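Protein chains in written order, with this note's numbering: chain E, 1 to 221; chain F, 1 to 262; chain P, 1 to 224. In this text, a Cβ means the ideal position worked out from N, Cα and C, and glycines have one as well. On a predicted model such as this, the values are computed, not experimentally measured, just so you know. Heads up: the structure comes next, in structure tokens.
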Amino acid sequence: MPVASIRSAVCLLGRFPALAGADLEVDDGEIVLLSGPNGAGKSTLLRLIAGLVPLHTGSATVLGHDLARDRRGARRSLSLVGHETFCYDDLTVSENLRFAARSAGRSASAGDESLERLGLARVAGVQHSRLSAGQKRRLALAVAFARGPRLLLLDEPHAGLDADGREVLDGIVSAAPAEGRTVLIASHELDRARALAHREVAVVAGRTREVAAVPRRSSAP
Amino acid sequence: MTSTYSPDGSAHSGGARPGAARVPRWSVLGAATVLALGVQAVLALWVAPADANQGDAQRLMYIHVPAAWLAYLAFTVTAVASVLWLWPRTRSVKWDLVAGASAEVGVVFTALTLALGSLWGRPVWGTWWEWDARLTTTAVLLFLYLGYLALRRTGDSPDERGRRCAIAALIAFADVPVVHFSVTWWETLHQEATVFNPKLETNITGTMAWTLLWSVVAFTILYVYLVRSRTQLAEMQEGLEERELANAIAERIETGESAVTV
Amino acid sequence: MRLLREAVLVAGKDLRIEARSRVVFAQVLPFGGIVLVLFAFALDPDRGLLPRVAPGLFWIAVLLASLLAVSRAFAIEADNGARDGLRLSGIDPAAIFLGKTAAVVVELLALEVVLGAGVVILYDVRVTGGPALLLASLAATTGLAATGSVYGVLAAGLRARETLVPLLVLPFVAPVMLGGTRAFEAALGGVTSEAWPWVELLGVFALMATTIGVLVFGPLLEES
């Protein structure tokens, strides 16, 4: 069963058709790269799958839930890393992560594990408002991870991360299939993302196009 | 350009224009409204006798009472249309537009009711305003629905606006009996404090009763006419926006295709 | 059970944020205080009017403060895309509503204690009928907080929401203003028996507002 199945999806941002008939099929355990220029609709596609943007026309099924009828059903089992951290300025890193873990129905310790894995232990007691931009990027990933998602939606996850953070991120993404996770990455850093992805889908002007299979860097001569 | 977008992803020109409504010019309903109001004016001003106690001031009743009836009718229709929008089987943009149109008419007639009540109260009560339960409830009602209309002006996509406003209309409607109950209760507690407080009522019989009945009917026809015209106008606006959207989708697809060929 | 646990989680989060940022304590409370002082300027203290109208002035001050408290409760969710985070979290929206409302109730009750003390000192009011005052405050505050949460999420993300929310909330809570004031008048006037019907009215209103919130918070959160 596919994790996500999108057909002829039209999504509106206000009165603007951010998606104008997009198709996407993602199987369990896949790592799929969404490439394309700015404003092509990559973020909207990810937000549609997360159930944040309503479907105007077309059909979309995510983790067995029909988004036209139920946008909430799939949410507990997925995480979206967007441009923002979804965190509260007045809470510490550790408090934010514990809240994220517990709100997904997991124990507070899942938040602590995520803290360790993203290398944020040093700033555990620091309030969100005092973090550097790079630390916030890591925290955004940690929040997504603390929820133990089956489907990980990453919107420009490399942007703003330091070299060390990128290594951690790539490690998490590569390990995802083995951990039973499916990953969708929207990225401009094509070399880095292509090395991780199983296949690539181009998003252009609100529609999608399968890109001919690119040989993975590891298997290149 | 009048291209429409179909789900298979193709853009084509011509065909039926979605939402293009006929421009209403002169209708039977419009004529009936004018006629009914004309007859009402004659009945209320010349045919019906002046009241024994209140004199000609009582003639305000022939507008005040139907206006109040119309206000409550309008808000009830708004609530019903909101339910029809929320109910998945009957959901249609039209119900949202009817709800909005009816609330607009309702607010105007609520304001009219208050203004006339105040004018009528001046000679009868001796004051412009009396904290009478019905008058006070109506005043709160006016503000409740002014808020609703303010909310209607904020949303962007029709679906978002529809849900938000339908819920807001139902919440406001649910509050009306509670407001009325609390205000009535408050008034009864203060009854002894009022020295001179005759109700805005007279013994209505014969010609006066018929005139009042006719006035209510005439205003109801006026209401139907106003809501229908307003809904038609809103539907045309909606149709225009739908066409703009279809164009925007087609344009976006074209950009994508030209980007590939380059 | 899950509903309750999630509601406690949300309320705990909001109260922790308030404990850190002290926006209600350091801004809304002084605001309520200055309103009480200004009322004394408007109604000359010498004429003995203040003690008689104290209940009404108290509830107006609370009502205005509650608008600010609700606005703060939803401003928290506006930063860093937190509202998206909340929608994505998978928490039952009814639990979010109950949690946020409970947090506002706790904040407002604390505020009412201080403003109440202010009324006693500034307006020379003698406190009688404690239980009626207590229950009336609890019911009225729940009604105000629940209404505020409903309209708070209704207007979240809209243009001009700062001005829209008061316009929507104030007419709706007219019965709370009426009930709270009459209940306090009766209790402070020594005729507690006359206060109970109003306390009941406030209870019915609180129940109605809470039920509405549980029902509509989900669909409204999706649109915000």
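- At a cut-off of 8 Å between beta carbons, Ile167 of chain F makes no contact with chain E.
- Restricting attention to P:Ala82, P:Ala145 and P:Gly157, the CA atom closest to the CA of Gly99 of chain P is found in P:Ala145.
- Note that the C-beta distance between Pro54 of chain E and Val26 of chain E is not below 8 Å.
- For Trp46 of chain F, the closest alpha carbon among the candidates F:Thr231, F:Phe219, F:Ala248 and F:Thr211 is that of F:Thr211.
- C-alpha of Gly36 of chain E to C-alpha of Leu184 of chain E: approximately 14 Å in a straight line.
- Interface with chain E (8 Å Cβ-Cβ cutoff): Glu241 of chain F is included.
- Around the beta carbon of Arg75 of chain E, 16 or more other beta carbons lie within 10 angstroms, which makes this residue buried.
- Partner residues in the beta bridge of Ala186 of chain E, as assigned by DSSP, are E:Leu34 and E:Asp155.
- Look at the stretch 30 to 46 of chain E: it has no residue with a C-beta under 7 Å from a C-beta of chain F.
- Only exposed fits Phe41 of chain P, as fewer than 16 other CB atoms lie within 10 angstroms of its CB.
- Contact check for Ala132 of chain P against Val179 of chain F fails: the beta carbons are separated by 8 Å or more.
- Contact between Ala50 of chain E and Gly206 of chain E is absent: CB atoms are separated by about 18 Å, not below the 8 Å threshold.
- For Leu134 of chain P, the nearest beta carbon of chain E is not closer than 8 Å to its own beta carbon.
- A check of alpha carbon separations from Leu134 of chain P across P:Gly81, P:Leu188 and P:Glu6 identifies P:Leu188 as the nearest.
- No Cβ of chain E is located within less than 8 Å of the beta carbon of Glu185 of chain P.
- Look at the stretch 152 to 163 of chain P: the residues with a C-beta under 9 Å from a C-beta of chain F are Leu154, Ala155, Leu158, Arg159, Ala160, Arg161 and Thr163.
- Following the DSSP letters along the chain, one finds Leu67 of chain E in no beta strand (DSSP E), marked with neither H nor E.
- Closer than 8 Å to the CB of Met208 of chain P there is at least one CB belonging to chain F.
- Scanning chain E for C-beta atoms nearer than 9 Å to the C-beta of Asp159 of chain F yields Leu12, Pro54 and His56, reported in chain order.
- Cys11 of chain E has E:Leu19 as its beta-bridge partners, per DSSP.
- Counting along the chain, the unbroken beta strand (DSSP E) around Val201 of chain E starts and ends at Arg199 to Val204.
- Sequence-distant partners of Arg230 of chain F (beyond 5 residues in either direction) whose C-beta falls short of 6 Å from its own C-beta, in its chain, are Ala101.
- Interface criterion not met: the Cβ of Gly73 of chain E is under 8 Å from no Cβ in chain F.
- Residues of chain F with a Cβ closer than 7 Å to the Cβ of Arg87 of chain P do not exist, since the nearest Cβ in that chain sits about 14 Å away.
- The alpha-carbon separation between Val183 of chain F and Trp128 of chain F amounts to approximately 19 Å.
- When CB distances to chain F are screened at a threshold of 8 Å, the residues of the stretch 194 to 205 of chain E falling below it are Val204 and Ala205, in chain order.
- Glu238 of chain F has its alpha-carbon roughly 31 Å from the corresponding atom of Ala68 of chain F.
- Taking the beta carbon of Thr85 of chain E as reference, the chain P residues within 9 Å of it are Asn80, Gly81, Ala82 and Gly85, listed in sequence order.
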